[in-house]
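Okay, so the sequence shown: first residue is 1 according to UniProt numbering, each after it adds one.
Cβ atoms here follow ideal geometry from the backbone N, Cα and C, with glycine treated the same way.
Here the structure is a predicted model, which is why all the values come from computation and not from measurement.
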Amino acid sequence: MERIEGLVNRKTVLCLAMVPGLVLTGCSGKSSDQGGQQGASRTATPSPSGSSAATTSSLDASCQTVSTVANSQLFAAALAVAGRNKEKTEIGADVAKTYRDFARQLILLAPQAPVNLQPALTEWASASTAVARFVAKNKPGPGVVVDLGPPDKRWKAAKKAAEKVCGRELPELDD
Numbered sequence: 001m002e003r004i005e006g007l008v009n010r011k012t013v014l015c016l017a018m019v020p021g022l023v024l025t026g027c028s029g030k031s032s033d034q035g036g037q038q039g040a041s042r043t044a045t046p047s048p049s050g051s052s053a054a055t056t057s058s059l060d061a062s063c064q065t066v067s068t069v070a071n072s073q074l075f076a077a078a079l080a081v082a083g084r085n086k087e088k089t090e091i092g093a094d095v096a097k098t099y100r101d102f103a104r105q106l107i108l109l110a111p112q113a114p115v116n117l118q119p120a121l122t123e124w125a126s127a128s129t130a131v132a133r134f135v136a137k138n139k140p141g142p143g144v145v146v147d148l149g150p151p152d153k154r155w156k157a158a159k160k161a162a163e164k165v166c167g168r169e170l171p172e173l174d175d
């Protein structure tokens with residue numbers, strides 16, 4: 001319960017302040033000398049030290065992508081809860097949608113991630129789907145409290161597993 005309620009109280013301002021930064025970050029991958037190229041792809045360039053460096057680079061890139069996706073979900077959930085003029089069922093449905101969308105993104109990322117990160121992303125996606133189902137079935141409580149229910153414990157454990165592999169908090173809000 002406290003997760004979404006605290007989300008609005010503590011992180012809404014941070015998230016709203018981050019929007020311009022996220023937009024600029026998305027655009028900063030392009031340099032002016034790329035001309036008409038859209039979104040240069042980021043590829044890991046193996047260093048002379050061998051596959052270990054390439055694996056680390058691949059893990060870092062995957063973890064950064066997961067952090068960005070998790071940050072987007074956090075922001076979307078905050079916006080869903082912040083829409084206080086909505087009916088409670090609409091708020092619940094909107095929050096549930098953020099978890100379903102997050103699960104879809106993780107499912108797409110998992111096969112491309114390093115092997116040691118794949119199980120954590122798959123479990124996080126599964127837990128996100130379970131949270132979405134629970135939230136969609138249950139009306140928010142007094143005020144604007146969205147109960148994430150029993151699946152939230154599994155969601156947090158899966159998140160921690162991904163954080164352990166990545167070696168950092170996800171999403172990383174200091175970026």
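What span of residues does the alpha helix (DSSP H) with residue i cover, start to end?
i	result
Q112	Per DSSP, Q112 belongs to no alpha helix (DSSP H) and is neither H nor E.
residue 237	With the chain covering 1 to 175 only, the question about residue 237 has no answer from this structure.
Between residue i and residue j, what straight-line distance do the alpha-carbon atoms span, to the nearest angstrom?
i	j	result
D174	R133	31 Å
E87	S58	43 Å
N71	L170	8 Å
Q105	D147	23 Å
Q118	G149	25 Å
F75	R100	14 Å
T56	G167	11 Å
V69	G141	27 Å
K156	Q112	22 Å
Apart from the five residues just before and just after residue i, which ones in its own chain have a Cβ nearer than 7 Å to its Cβ?
i	result
P151	A127, A130, V131 and F134
A93	A136
A120	A158, A161, A162 and V165
T65	L109
E123	A158 and A161
A80	I91, D94, V95 and T98
P114	T55, S58, L59 and S62
My assumption, with CB atoms under 8 Å, is that residue i sits in contact with residue j. Please give the rounded CB distance.
i	j	result
A82	A136	Actually they are not in contact, since the Cβ atoms of A82 and A136 sit about 19 Å apart, beyond 8 Å.
S67	E172	5 Å
T89	K139	6 Å
Cutting at 6 Å between CB atoms, please list the residues of its own chain near residue i, excluding the five before and the five after it.
i	result
A103	A125, S128 and T129
S31	Residue confidence for S31 is low, a pLDDT of 36 falling below 50, so the modelled location carries little weight; the figure read from the coordinates is stated next. Answer for S31: no residue qualifies.
Q73	T98 and F102
I107	A125
From the DSSP secondary-structure annotation, give me the bridge partner or partners of residue i.
i	result
V145	G141
Might you give, ordered along the chain, the residues of its own chain that have their beta carbon closer than 8 Å to the beta carbon of residue i, omitting 5 neighbours on each side?
i	result
residue 177	Here the chain has residues from 1 to 175 only, and residue 177 is not among them.
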